[in-house]
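1 is the number of the first residue of the sequence shown in UniProt numbering; add one for each residue after it.
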Amino acid sequence: MMRTLWCGDGNVARNPDDIGVFSETDECCKQHDHCPFTIKAGYNRELLKNNGIFTRSACSCDYKFYNCLKKVNSLISENIGMTYFNILRPQCFGYHYPIESCEKYERARSTEKKCLQYKLDSTKNKTLEWYDLPDF
């Protein structure tokens, strides 16, 4: 993303402390890039396979990114949030009880609905599952 070093595909920072012109937004992206729990495209974590075209993150990292961008509340953070959550529409993963069904869908802004609330089966063992993220 223009004038940021950490936002977008990869980063262009010269070192780990390097931050772009939009420092608050760049800090959000930097934290997200350093998420310790990710699954690269085409790879597995336990039995969960990422069939997508880019790295997916743990839900805790994606929600932290979402909240950070909302807190910055700038034109650039809005642009990045809309691009990531509304256009790219990644799923995140979490370790929870297995999903039985979706109890609440988000209003459809595109052709695919996103699930906002899941019904989980607490009688079974916890497992890694994909979850939809809310629109920005």
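Note that beta-carbon positions come from the ideal geometry of N, C-alpha and C, so glycine has one too. Here the structure is a predicted model, which means the values were calculated and not measured.
* What's the C-alpha gap between E46 and L128? -> Each residue's CA atom was taken as its position, placing E46 and L128 some 8 angstroms apart.
* Could you work out which residue in K104, S101 and H96 is closest to N125 when comparing CA atoms only? => Comparing Cα positions, the closest option is H96.
* **For D18 and C28, the rounded distance between their alpha carbons** => Rounded to the nearest whole angstrom, the CA to CA distance from C28 to D18 is 13 angstroms.
* To do: Report the rounded CA-to-CA distance for L75 versus T123, giving the unit in angstroms.
  => Going from the Cα of L75 to the Cα of T123 covers about 45 angstroms.
* **C-alpha gap between E100 and K71, whole angstroms** => Roughly 33 angstroms separates the two Cα atoms.
* What residue from L120, S57 and Y118 has the CA that sits closest to N44's CA? -> The shortest CA-to-CA distance from N44 to any of L120, S57 and Y118 is the one to S57.
* Should L5 go down as buried or exposed, given a rule of 16 or more other Cβ atoms within 10 Å for buried? -> By the C-beta density criterion, L5 is buried, having at least 16 other C-beta atoms within 10 angstroms.
* To do: On the DSSP bridge assignment, give the partners of W130 in chain order.
  => Answer is F93, bridged to W130.
* To do: Check each candidate in D132, C115 and P134 and name the one with the smallest Cα separation from residue 137.
  => The question about residue 137 has no answer here: the residues shown for the chain are numbered 1 through 136.
* To do: Tell me, to the nearest whole angstrom, how far the beta carbon of C59 is from that of C92; I am working on the premise that it is less than 8 angstroms.
  => Right, the Cβ-Cβ distance comes to about 4 angstroms (below 8 angstroms), so this counts as a contact.
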